[in-house]
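One structure is given below, encoded as structure tokens.
Structure follows, in structure tokens:
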């Protein structure tokens, strides 16, 4: 892997990990489409990926630092008092745990079988299209539901939806424990290359009644421990014999992925104040179809 | 689930996770997957114990 390839892959990871377009799908597709001779089974590649994950998780931690400080303090309060869910932050803390643990357990069992089963670029391209379908259908169903629930103002000429439509929550802690766990569980889908962690978690959050902004916030809060753990648990690889050869590239990649991830999450949190998932669905369809064509032509 | 059963159930779950973690650590090589899996299960055990402590008073789950 050259330095230029490392830089491009780092920026791509930082952006695509948080945009709902599947970082794993892009990591599988891009080297193949550009004919980069990267062996993704080598320990040096794993060490490089570890660095990128740590950079991305650090960016999320920095962006949501106030939430995380409150969550940790609330968790301590909850343990000290022997009662949970007494205030907003305590409930949020346990909801993040409820959303992370089931996904972590299932991911632990299924990660290797799913990656080996769906690791081909063709499969990644197909699932990128599926990812677009999931986001499109999720938005469509939500639109119909919202239209049915939003009352039409008299004489308004064109009905304007309320800032927060009826039946939707701006606050994550208004979710039930069951829904919080189900939304977190949706992250398991991201083990398949082409399916986006943030995309599928957001669709699950929207289905559970969250607004786009709240669904995005919950998706990013849930992603932080998972991405961070994936990086930290593999740290010995980065500082072991495999990582020594690429430590410079890995450190540059970590910083670049972190910067790209920070800018991405800042943009996305603003975007989802009013924006929808449609543009990302269209992108996934276009990228998936184009990848399938290019992969087929190259054969 | 009866709320008074949450505390003992979480303790039992935590102990099970802890045993699994130890089994992984004892059976694994220093940098192998077993060590990482052991760390994961240790983390789950800690969460289970924290959950138990946060539910040691009855009717605390809101």
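Residue numbers (the numbering used here), protein chains in the order written: chain A, 1 to 299; chain B, 1001 to 1062.
All C-beta atoms in this analysis are idealised placements derived from N, C-alpha and C, irrespective of residue type, glycine included.
Checklist entry - Do you know whose CA, among A:123, A:268, A:124 and A:10, lies nearest residue 63 of chain A's CA? => result Walking along the first chain from the start, residue 63 of chain A turns up at place 63. Looking at the Cα atoms, A:268 is the closest of the given residues.
Item to check | Short-range partners of chain A found in the stretch 1003–1023 of chain B, where Cβ spacing is below 7 angstroms | outcome: none
Checklist entry - Going along chain A in order, which residues have a C-beta closer than 9 angstroms to the C-beta of residue 1045 of chain B? => result Mapped onto the second chain, residue 1045 of chain B falls at position 45. Those within 9 angstroms of residue 1045 of chain B in chain A number zero; the least Cβ separation is about 11 angstroms.
Checklist entry - Looking at the structure shown, is residue 263 of chain A part of a helix, part of a strand, or coil, going by DSSP? => result Mapped onto the first chain, residue 263 of chain A falls at position 263. Reduced to three states, the DSSP call for residue 263 of chain A is helix.
Next on the checklist: If we define contact as Cβ-Cβ less than 8 angstroms, is residue 78 of chain A a contact residue for chain B?
Outcome noted: Taking the first chain and counting its residues from 1, the one referred to as residue 78 of chain A is at position 78. Closer than 8 angstroms to some Cβ of chain B, the Cβ of residue 78 of chain A qualifies, so yes.
Checklist entry - Of all the options A:292, A:263 and A:286, which has the alpha carbon lying nearest to the alpha carbon of residue 133 of chain A? => result By 1-based counting over the first chain, the position of residue 133 of chain A is 133. Of A:292, A:263 and A:286, the residue nearest in Cα terms is A:286.
Item to check | Which of helix, strand or coil DSSP assigns to residue 34 of chain A | outcome: Sequence index remark: in the first chain, residue 34 of chain A carries index 34 (1-based). If DSSP states are grouped into helix, strand and coil, residue 34 of chain A belongs with coil.
Checklist entry - Helix, strand or coil for residue 233 of chain A per DSSP? => result Residue numbering aside, residue 233 of chain A sits at position 233 when the first chain is read from its first letter. It is coil, neither helix nor strand.
Checklist entry - Relative to the C-alpha of residue 199 of chain A, which residue among A:226, A:124, A:112 and A:139 is closest? => result Locating residue 199 of chain A in the first chain gives position 199, where the first residue counts as 1. Taking only the C-alpha atoms, the option nearest residue 199 of chain A is A:139.
Checklist entry - Between residue 156 of chain A and chain B, is there a C-beta pair that is closer than 8 angstroms? => result For the purposes of this step, residue 156 of chain A is taken as the residue at position 156 of the first chain. At residue 156 of chain A the pLDDT is 45, less than 50, meaning the model places this residue with poor confidence; the figure from the coordinates comes in the next sentence. Taking Cβ atoms only, chain B never reaches closer than 8 angstroms to residue 156 of chain A, which makes this a no.
Checklist entry - So residue 226 of chain A and residue 56 of chain A are in contact, right, with Cβ under 8 angstroms, and what is the actual spacing, rounded? => result Working through the first chain from its first residue, we reach residue 226 of chain A at position 226. Working through the first chain from its first residue, we reach residue 56 of chain A at position 56. That pair is no contact at about 11 angstroms.
Checklist entry - Taking the alpha helix (DSSP H) that residue 277 of chain A falls in, what are its first and last residues? => result The count along the first chain starts at 1 and reaches residue 277 of chain A at position 277. Residue 277 of chain A -> no alpha helix (DSSP H), and no H or E assigned at all.
Item to check | Per-residue burial, residue 1008 of chain B [other beta carbons within 10 Å of its own, 16 or more giving buried] | outcome: Locating residue 1008 of chain B in the second chain gives position 8, where the first residue counts as 1. So residue 1008 of chain B ends up on the exposed side.
Checklist entry - From residue 1016 of chain B to residue 105 of chain A, what distance separates their C-alpha atoms? => result The residue labelled residue 1016 of chain B in the question sits at position 16 within the second chain. The residue labelled residue 105 of chain A in the question sits at position 105 within the first chain. Near 14 angstroms, if we compare the C-alpha coordinates of residue 105 of chain A and residue 1016 of chain B.
Item to check | Residues from the stretch 175–199 of chain A in contact with chain B, defined by Cβ distance under 7 angstroms | outcome: none
Checklist entry - Which residues does DSSP pair with residue 63 of chain A in a beta bridge? => result By one-based count along the first chain, residue 63 of chain A stands at place 63. Answer by DSSP bridge pairing: none, since residue 63 of chain A is not bridged.
Checklist entry - Alpha carbon to alpha carbon, how far is residue 1062 of chain B from residue 95 of chain A? => result Translated into positions along the second chain, residue 1062 of chain B becomes position 62. Translated into positions along the first chain, residue 95 of chain A becomes position 95. Residue confidence for residue 1062 of chain B is low, a pLDDT of 47 falling below 50, so the modelled location carries little weight; the figure read from the coordinates is stated next. When rounded, the distance between both Cα atoms is 12 angstroms.
Item to check | Rounded Cβ spacing between residue 18 of chain A and residue 261 of chain A (contact assumed at less than 8 angstroms) | outcome: Within the first chain, residue 18 of chain A is the residue found at index 18, counting from 1. Within the first chain, residue 261 of chain A is the residue found at index 261, counting from 1. Going by Cβ atoms, the distance from residue 18 of chain A to residue 261 of chain A rounds to 6 angstroms, so yes, they are a contact pair.
Next on the checklist: Are the CB atoms of residue 121 of chain A and residue 28 of chain A within a distance shorter than 8 angstroms?
Outcome noted: Here the question's residue 28 of chain A lines up with position 28 in the first chain. Here the question's residue 121 of chain A lines up with position 121 in the first chain. Contact flag set, yes.
Item to check | From A:42, A:145 and A:88, residue whose alpha carbon lies closest to that of residue 174 of chain A | outcome: Position 174 of the first chain, counted from the start, is the residue given in the question as residue 174 of chain A. Comparing Cα positions, the closest option is A:88.
Next on the checklist: When you compare the CB positions of residue 196 of chain A and residue 22 of chain A, do they come within less than 8 angstroms of one another, or not?
Outcome noted: Residue numbering aside, residue 196 of chain A sits at position 196 when the first chain is read from its first letter. Residue numbering aside, residue 22 of chain A sits at position 22 when the first chain is read from its first letter. Yes, Cβ-Cβ distance for residue 196 of chain A and residue 22 of chain A is below 8 angstroms.
Item to check | Helix, strand or coil at residue 210 of chain A [DSSP, three-state] | outcome: Here residue 210 of chain A refers to the residue found at position 210 of the first chain. Three-state DSSP puts residue 210 of chain A in a strand.
Next on the checklist: Considering just the uninterrupted stretch of the alpha helix (DSSP H) at residue 89 of chain A, what are its terminal residues?
Outcome noted: On the first chain, position 89 is the one that residue 89 of chain A refers to. From DSSP, the alpha helix (DSSP H) with residue 89 of chain A extends over 88–117.
Checklist entry - Taking one C-beta from the stretch 231–250 of chain A and one from the stretch 39–51 of chain A each time, how about it: are there three or more such pairs within less than 8 angstroms? => result yes
Checklist entry - Going along chain B in order, which residues have a C-beta closer than 9 angstroms to the C-beta of residue 97 of chain A? => result Taking the first residue of the first chain as 1, we reach residue 97 of chain A at position 97. Per Cβ cutoff of 9 angstroms: 1047, 1050 and 1051.
Item to check | Cβ contact (3+ pairs, closer than 8 angstroms) linking the stretch 28–45 of chain A and the stretch 274–282 of chain A | outcome: no
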